[in-house]
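Participant: According to the UniProt record's numbering, the sequence shown is numbered sequentially starting from 1.
To start, I am sharing the structure in question, which I have written as structure tokens.
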Amino acid sequence: MIRVQGARENNLKNITLEIPKRKLTVFTGVSGSGKSSLVFDTIASESRRLIDETYSAFLQGFMPTLGRPDVDLLSGLTTAIVVDQAQLGANPRSTVGTVTDADAFLRVLFSRAGSPHIGSPKAFSFNVATMRGGGTMTVKKGTTGQAQAVKRSFNVVGGMCPRCEGRGTISEFKLAELYDEDLSLSQGAMLAPGYKAGGWNYRIYAESGMYSPDKPIKQFTKKELNDFLYHEPERRKIAGINMTYEGLVPRLQKSMLSKDPEQMQPHIRAFVDKAVTFATCPDCDGTRLSAEARSSKIDGLSIADANALQVTELADWLGGLELPGLGPLVTTLRAILTAFDDIGLGYLSLNRASGTLSGGESQRVKLIRNIGSPLTDVTYVFDEPTAGLHPADVHRMNQMLLQLRDKGNTVLVVEHEPETIRIADHIVDLGPGAGSHGGELCYQGDLAGLRASDTLTGRHLDDRVAAKQAWRTPTGTLPIRHATLHNLRDVSVDIPLGVLCVVTGVAGSGKSSLVQESLPADAEAVYIDQTQVKSSRRSNPATYTGLLDPVRKAFAKANGVKPALFSSNSEGACPNCHGAGVVYTDLAMMGGVSSVCEVCEGKRFEPGVLLYKLAGLDISQVLALPFDEARDYFGTGPAKIAAAQKIVGRMVDVGLGYLSLGQPLTTLSGGERQRLKLAIQLGARGGIQVLDEPTAGLHPADVEQLLALLDKLVDQGHSLIVVEHDLAVMAHTDWIIDMGPGAGNQGGHVTFEGHPADLAATGSGPTARYLAAYLGS
């Protein structure tokens with residue numbers, strides 16, 4: 001048993017329980033009930049913390065520091081491997097092949113069997129550049145130990161395309177966005193952020209001595225303009241300091257374009273979006289590889305061709321090769337590719353950028369690393385592994401979870417999917433509600449006991465939504481003609497407007513390609529997906545939704561002071577922690593730690609600000625309110641604020657009433673982020689709304705509320721296009737478009753368009769089969 005005694009992390013209310021080892025345990029409960037707090041923030045976190053402590057202090061300095069969870073006792077822990085939905089990094093050099101090691105095996109294969117032979121595996125890597133050179137080094141030689149100068153040369157042959165440096169795309173700056181040619185440098189000609197006249201970046205160019213800072217750029221000679229824009233890196237004395245000078249374009253490329261766009265500050269991202277154009281590299285045609293790497297082939301295919309194949313096709317190609325002496329290598333590579341297909345990712349290609357994968361796809365790619373692992377007695381921790389899966393793929397995922405268990409591992413799964421709950425050996429149900437209304441142990445035991453327990457999960461486990469018998473009449477159509485993006489096969493279809501339309505199909509069937517990429521540019525559709533909300537630990541629902549603005553003004557008016565006092569990012573911030581609520585301490589090689597600010601006690605504001613009240617609460621107390629309670633607070637008495645009440649009402653409508661106004665956005669799940677965006681759109685005027693799997697992260701009890709919300713949006717004049725796998729949403733829709741019949745090269749066709757009842761009765765393919773079973777037809 002894994003024994004947990006007195007768990008109080010986040011909203012957990014002193015929970016004590018025992019979890020059987022070497023079994024599959026599923027943790028259920030509504031969003032915000034405490035599942036992740038128990039599984040990830042308590043059990044998995046403590047396991048990883050204890051393992052980290054076995055390393056030397058030196059090595060710990062390179063690891064993230066994990067604090068001890070708020071729990072009295074944890075015993076029986078084993079090594080925890082967390083397989084979560086965090087998207088794989090958006091590093092432009094990261095692909096599906098590189099993150100699963102399939103690319104490494106493929107490079108070895110081509111280095112051994114490719115013709116002509118061009119070198120080691122590095123010669124086929126788009127992350128290794130070709131370098132040639134030499135130098136002189138001093139070594140001790142002979143028995144006398146006499147030092148001698150010896151010339152050494154090196155020759156590293158890599159597979160990186162020299163034009164795009166292994167990225168597959170090239171970027172070009174629009175010069176008109178970099179500078180105003182009618183102005184001189186001293187007049188503020190440079191337009192890039194951080195290059196205003198008088199700043200340090202400005203001085204590098206103005207005091208370089210290569211051109212006059214008082215001369216309009218349009219009067220620069222050809223050489224002066226080239227030195228200003230494209231000069232190679234060179235050491236020069238600027239402002240009395242030896243510095244490296246280089247042209248403005250390469251300097252901006254290194255400082256801005258080498259970063260993950262999601263990590264850019266908003267004003268930098270806005271500048272890049274406006275000033276930079278991206279195009280497929282003409283030299284490598286987007287393959288990232290040099291001509292030499294592409295010249296070596298096996299059975300007519302280069303490594304670039306192999307990487308571009310669908311995984312299932314690549315496995316078939318490998319199976320047809322006869323390569324004496326390389327059998328074990330081919331067998332290992334095929335095993336990895338088979339694992340892709342086993343968990344419903346056979347439609348991917350190894351050259352797919354990892355940053356383009358959805359949260360569910362990212363989680364399954366991470367799982368591939370562990371499927372063939374010989375490790376046993378490991379605790380695997382999963383966060384909704386069926387997210388983004390068609391019902392046809394849920395069964396395969398369940399088989400993978402059982403396979404991990406049967407190898408002698410403990411498998412802990414946070415999940416809402418009834419089919420996964422049904423295969424569990426042990427079920428832990430948390431609740432009864434969310435946030436402050438959750439954090440209690442409602443039930444633990446087997447499936448039969450859950451059904452009889454009368455908990456929220458037990459009551460809704462076997463819910464069924466009946467198919468609509470009366471449908472809305474479309475107000476028009478959105479025509480899509482001859483769409484061929486990605487795997488779409490010359491698709492033409494009319495999407496009805498003014499109704500609830502669901503686009504479904506197995507993962508990789510072409511749903512997103514049809515909806516997100518093929519809508520006409522003038523459709524003015526609003527996409528509400530699960531991507532990360534651009535934020536920092538200082539951002540919260542109150543700031544993101546605009547709720548904080550009317551609240552600050554109300555506090556200011558009630559107390560006769562400035563609104564800026566009630567912002568933890570402005571004048572009201574605690575001087576000790578600068579409004580963060582925590583203080584970060586650098587412990588050198590022991591790693592940094594964070595602790596609650598002793599001055600403000602985590603409230604983020606300076607003590608004087610908290611003396612000002614509105615309807616009996618200070619600003620920190622207001623930000624600590626859940627939206628459910630904030631609705632009453634802003635609805636009556638001195639704190640009645642119409643603008644705030646509308647925003648709070650929308651948050652409750654989308655099922656986020658359990659979140660507090662000041663909860664950091666960085667702590668929200670993908671489904672919560674999507675519903676946060678949806679709450680903002682509730683206040684928008686009618687238009688086309690595209691939703692990407694809005695049921696992600698929703699308990700079965702919450703799906704009914706979501707369906708009512710979708711109906712409300714349509715009744716307000718919105719046209720809803722929903723990409724969804726949930727059978728309840730399919731049954732409730734006015735119109736359904738099914739893509740398929742399979743994934744990747746086997747998909748890309750419209751297999752059905754019409755009413756859901758007709759799909760269940762007359763359709764073919766996996767969607768029709770599972771919908772018919774769901775509706776009992």
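Note that beta-carbon positions come from the ideal geometry of N, C-alpha and C, so glycine has one too.
What alpha helix (DSSP H) runs, 4 residues minimum, are completely inside the stretch 477-564?
Facilitator: 541-544 and 548-559
Participant: Which residue spans inside the stretch 224-273 form an unbroken alpha helix (DSSP H) run of at least 4?
Facilitator: 248-252
Participant: Taking residue 346 as the reference, give the member of 412, 423 and 308 with the closest Cα.
Facilitator: 308
Participant: Quick one: grab the DSSP three-state call for residue 63.
Facilitator: coil
Participant: Do you know whose CA, among 299, 83 and 275, lies nearest residue 113's CA?
Facilitator: 299
Participant: With burial defined as no fewer than 16 other Cβ atoms inside 10 Å of the residue's Cβ, what is the status of residue 196: buried or exposed?
Facilitator: exposed
Participant: Tell me the DSSP secondary structure of residue 694 in three-state form.
Facilitator: coil
Participant: Please state the DSSP three-state secondary structure of residue 633.
Facilitator: helix
Participant: For the stretch 718-730 against the stretch 376-396, are there 3 or more C-beta pairs whose distance is under 8 Å?
Facilitator: They touch, by the three-pair rule.
Participant: Assign residue 242 to buried or exposed, taking buried as 16 or more other Cβ atoms, counted over all protein chains shown, within 10 Å of its Cβ.
Facilitator: A residue is called buried once 16 or more other Cβ atoms fall within 10 Å of its Cβ, and residue 242, having fewer, is exposed.
Participant: State yes or no: is the C-beta of residue 731 within less than 7 Å of the C-beta of residue 467?
Facilitator: yes
Participant: Return the chain-ordered list of same chain residues with a C-beta closer than 6 Å to the C-beta of residue 42, the five sequence neighbours on each side being excluded.
Facilitator: Correct list, in chain order: 7, 9, 69 and 71.
Participant: Considering only residues of the stretch 343-395, which uninterrupted alpha helix (DSSP H) runs meet the minimum length of 4 residues and lie entirely inside it, listed in chain order?
Facilitator: 359-371
Participant: Let's test the definition: count the other Cβ atoms within 10 Å of the Cβ of residue 270 and tell me whether it reaches 16, buried, or not, exposed.
Facilitator: exposed
Participant: Out of 313, 50, 740 and 472, state which residue places its alpha-carbon closest to the alpha-carbon of residue 504.
Facilitator: 740
Participant: Thinking C-beta only, is residue 430 closer than 7 Å to residue 33?
Facilitator: Yes, the Cβ-Cβ distance between residue 33 and residue 430 is below 7 Å.
Participant: Tell me whether the beta-carbon of residue 344 lies closer than 7 Å to the beta-carbon of residue 507.
Facilitator: yes
Participant: Could you say if the stretch 312-327 and the stretch 181-198 meet the contact criterion of at least three C-beta pairs nearer than 8 Å?
Facilitator: no
Participant: Which residues in the same chain have their Cβ closer than 7 Å to the Cβ of residue 352, if we skip the five residues on either side of it in sequence?
Facilitator: Within the same chain, Cβ atoms closer than 7 Å to the Cβ of residue 352 are found at 95 and 96, the five residues on either side in sequence being excluded.
Participant: In this structure, how does DSSP classify residue 744 when only helix, strand and coil are distinguished?
Facilitator: helix
Participant: Taking the alpha-carbon of residue 100 as reference, which of 635, 368, 611 and 326 has the nearest alpha-carbon?
Facilitator: For residue 100, the nearest C-alpha among the options comes from 368.
Participant: Which residues bound the alpha helix (DSSP H) around residue 420?
Facilitator: 418-422
Participant: Suppose you measure from the CA of residue 683 to the CA of residue 721; what does that come to, to the nearest Å?
Facilitator: 18 Å
Participant: The alpha helix (DSSP H) that contains residue 705, what's its start and end?
Facilitator: 700-715
Participant: Could you give the C-beta distance for residue 44 and residue 381, rounded to a whole number, given that I count them as a contact under 8 Å?
Facilitator: 5 Å
Participant: Can you tell me whether residue 219 is buried or exposed? The criterion is at least 16 other CB atoms within 10 Å of its CB, across all chains shown.
Facilitator: Around the beta carbon of residue 219, fewer than 16 other beta carbons sit within 10 angstroms, so the residue counts as exposed.
Participant: Take residue 88 as the anchor and find which of 478, 356, 482 and 633 has the nearest alpha-carbon.
Facilitator: 356
Participant: How should residue 735 be labelled, buried or exposed, when 16 other C-beta atoms within 10 angstroms of its C-beta is the threshold for buried?
Facilitator: buried
Participant: Within its chain, find whatever has a CB closer than 6 Å to the CB of residue 404; leave out the 5 residues flanking it on each side and keep chain order.
Facilitator: Hits under 6 Å: 380 and 411.
Participant: Is it a yes or a no for the stretch 672-687 touching the stretch 633-652, going by three-plus beta-carbon pairs under 8 Å?
Facilitator: yes
Participant: Measuring alpha carbon to alpha carbon, tell me which of 250, 211, 402 and 209 ends up nearest residue 229.
Facilitator: 250
Participant: Which residues in the same chain as residue 641 place their Cβ atom closer than 8 Å to its Cβ, once the five residues preceding and following it in sequence are excluded?
Facilitator: 550, 551, 554 and 634
Participant: Express the C-alpha separation of residue 425 and residue 446 in angstroms, rounding to a whole number.
Facilitator: Take the alpha-carbon of residue 446 and the one of residue 425: they are about 6 Å apart.
Participant: Which residue comes first and which comes last in the beta strand (DSSP E) that contains residue 170?
Facilitator: 169-173
Participant: Quick check on residue 596: buried or exposed, where buried means 16 or more other Cβ atoms within 10 Å of its Cβ?
Facilitator: Here residue 596 is exposed: its Cβ has fewer than 16 other Cβ atoms, across all protein chains shown, within 10 Å.
Participant: Rounded C-beta distance between residue 737 and residue 750? I'm assuming under 8 Å.
Facilitator: 6 Å
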